[in-house]
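Heads up: the sequence shown begins at 0 in numbering that gives the first Met the number 0, then just goes up one per residue. Report on the following structure.
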Amino acid sequence: MRTIVRVTERVQETPSTVTLRFPYPPSAAPGQFVMVWIPGDDEIPMSLSYTQGVSKGITVKVMGETSRHVQAIEPGASLGIRGPYGNHFDVRARRVLVVGGGSGAAVLAPAAAEARTFGAELVVALGAIRADELLFRERFRSLGARVRVATDDGSEGHAGYVTAVAEDELARHRFDAVWTCGPEVMMRKVLAAAEAHGVPLFGSMERHMKCALGMCDACAFGSYHVCSDGPVFPADRLKATADFGRFHRDPSGRRVPF
Ligand SMILES: Cc1cc2nc3c(=O)[nH]c(=O)nc-3n(C[C@H](O)[C@H](O)[C@H](O)COP(=O)(O)OP(=O)(O)OC[C@H]3O[C@@H](n4cnc5c(N)ncnc54)[C@H](O)[C@@H]3O)c2cc1C
Ligand code: FES
Numbered sequence: 000m001r002t003i004v005r006v007t008e009r010v011q012e013t014p015s016t017v018t019l020r021f022p023y024p025p026s027a028a029p030g031q032f033v034m035v036w037i038p039g040d041d042e043i044p045m046s047l048s049y050t051q052g053v054s055k056g057i058t059v060k061v062m063g064e065t066s067r068h069v070q071a072i073e074p075g076a077s078l079g080i081r082g083p084y085g086n087h088f089d090v091r092a093r094r095v096l097v098v099g100g101g102s103g104a105a106v107l108a109p110a111a112a113e114a115r116t117f118g119a120e121l122v123v124a125l126g127a128i129r130a131d132e133l134l135f136r137e138r139f140r141s142l143g144a145r146v147r148v149a150t151d152d153g154s155e156g157h158a159g160y161v162t163a164v165a166e167d168e169l170a171r172h173r174f175d176a177v178w179t180c181g182p183e184v185m186m187r188k189v190l191a192a193a194e195a196h197g198v199p200l201f202g203s204m205e206r207h208m209k210c211a212l213g214m215c216d217a218c219a220f221g222s223y224h225v226c227s228d229g230p231v232f233p234a235d236r237l238k239a240t241a242d243f244g245r246f247h248r249d250p251s252g253r254r255v256p257f
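Given below as structure tokens:
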């Protein structure tokens, strides 16, 4: 589906992230994304941060021009949407460790919400540069999750990377799955820890996108396309891809190190 929606709600989640809610009837699963544009502007991929019911949502962090324009949208304004695209998290896992870095929590929160409807037990390790950038902490708590936080500047929770919290949880408790999204360097460490404890991991990946249909190669990730083979990849596929955590591609398709 491809349509223009009217934004109904704008929520400033943290100083750098804003959620926009809008009516969009197509069914969507947690992990899927939509292509978003302001009429007359460029188009960018955004995970659905709210997937249930008609009122969907995206949670936007400013990276460049287009995300700045999308984030500035006020209720009543128009937004172009096509999708949803891509695969999704398997939300039937029983005991899940959710590891989110920065705006990565945007894709993990709806997965946690849906997993709760199947009775999952959730532990969330949430990391951010400082306390006021911890995204969706209260939303995770309201789902009944046990939430542990880490901040780079030590303003709350563990002082340092969220990977230390994830490693601690994996060492002390049994999990059926680890779901992660955030900087790839973080995801690489979480993958290594999950593997050391024999827990299956699924990570949500980001790459530049154009078609979102598996046709243009803009989102190439090793032998995969993030748009159609992902964005959610199991550990074995992440590990088999030499670029994971090391290289991404610039808008022209050139491989550049992180
Ligand atoms: C499947 C998917 C889901 C996403 N979900 C979200 C989300 O929920 N919330 C959110 O805030 N952002 C999300 N993103 C990232 C978002 O699409 C980019 O931030 C956006 O495209 C930036 O566009 P821009 O024109 O504002 O910035 P640009 O000017 O294009 O880029 C600014 C900087 O960000 C880098 N960059 C831009 N796009 C990407 C990308 N896709 N991957 C890696 N680096 C990139 C550029 O290389 C540059 O350094 C998602 C991306 C993908 C592929
Ligand atoms: S965006 Fe075109 S192949 Fe993925």
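Every residue gets a Cβ at the ideal spot worked out from N, C-alpha and C, and that includes glycine.
- Look at the Cβ atom of I37, then the Cβ atom of S48, and state whether they are nearer than 8 angstroms. Translated into the one-based positions of the sequence shown, residue 37 becomes position 38. Translated into the one-based positions of the sequence shown, residue 48 becomes position 49. No, the pair does not count as a contact, with Cβ atoms beyond the cut-off.
- Query: Going by other Cβ atoms of all chains shown within 10 Å of its Cβ, with 16 needed for buried, is L212 buried or exposed?
  - Reply: Counting from one through the sequence shown, the residue named residue 212 turns up at place 213. Answer is exposed; the Cβ neighbour count stays below 16.
- Own chain partners of A195 with C-beta closer than 8 angstroms, once the 5 adjacent residues on each side are dropped: For the purposes of this step, residue 195 is identified with residue 196 of the sequence shown, where counting begins at 1. L169, listed in sequence order.
- Message: Any residue with its C-beta under 7 angstroms from a non-hydrogen atom of ligand 2 counts. Can you list them all in chain order?
- Response: M208, K209, C210, A211, L212, G213, M214, C215, D216, A217, C218, H224, V225, C226 and S227
- Query: Leaving out the 5 sequence neighbours to the left and right, which residues in its chain are closer than 7 angstroms to L107 when beta-carbon positions are compared?
  - Reply: As a first step, residue 107 must be located in the sequence shown, where it is residue number 108. So the qualifying residues of the chain are V97, G99, W178 and C180.
- Task: With hydrogens ignored, establish whether the beta-carbon of A112 is closer than 7 angstroms to any heavy atom of ligand 3.
- Result: Inclusion of ligand 3 in the displayed structure is not the case, the ligand content consisting of ligand 1 and ligand 2 alone.
- Task: Quick one: grab the DSSP three-state call for S154.
- Result: In the sequence shown, counting from the first residue as 1, residue 154 sits at position 155. Of the three classes helix, strand and coil, the one that applies to S154 here is coil, per DSSP.
- Message: With three or more C-beta pairs closer than 8 angstroms as the rule, is the segment 67-84 touching the segment 103-123?
- Response: no
- For the beta strand (DSSP E) containing T50, list its first residue and its last residue. Here residue 50 is taken as the residue at index 51 of the sequence shown, counted from 1. Here T50 belongs to no beta strand (DSSP E), and DSSP marks it neither H nor E.
- Query: Among residues of its own chain, excluding the 5 on either side of V10, which ones have a beta-carbon nearer than 6 angstroms to its beta-carbon?
  - Reply: The count along the sequence shown starts at 1 and reaches residue 10 at position 11. So the qualifying residues of the chain are T18.
- Using only the heavy atoms of ligand 1, determine whether one of them is closer than 7 angstroms to the beta carbon of K55. Within the sequence shown, residue 55 is the residue found at index 56, counting from 1. No, the beta carbon of K55 sits no closer than 7 angstroms to any heavy atom of ligand 1.
- Near T7, what residues of its chain come up, given a Cβ to Cβ distance below 8 angstroms and the 5 sequence neighbours on each side ignored? Along the sequence shown, one-based indexing puts residue 7 at 8. Around T7: R20, F21, P22, S54 and P74.
- Query: By Cβ distance, which residues of its chain are closer than 7 angstroms to H207, with the 5 residues on each side in sequence left out?
  - Reply: To locate residue 207, count along the sequence shown from 1; it is residue 208. Excluding sequence neighbours, H207 sits near A217, C218, R248 and P250.
- Task: State the beta-bridge partners of A28 as determined by DSSP.
- Result: Taking the first residue of the sequence shown as position 1, residue 28 is located at position 29. DSSP output for A28 lists no bridge partner at all.
- Can you tell which of I80, I43, E64 and G52 has its C-alpha closest to the C-alpha of I3? By 1-based counting over the sequence shown, the position of residue 3 is 4. Closest by alpha carbon: I80.
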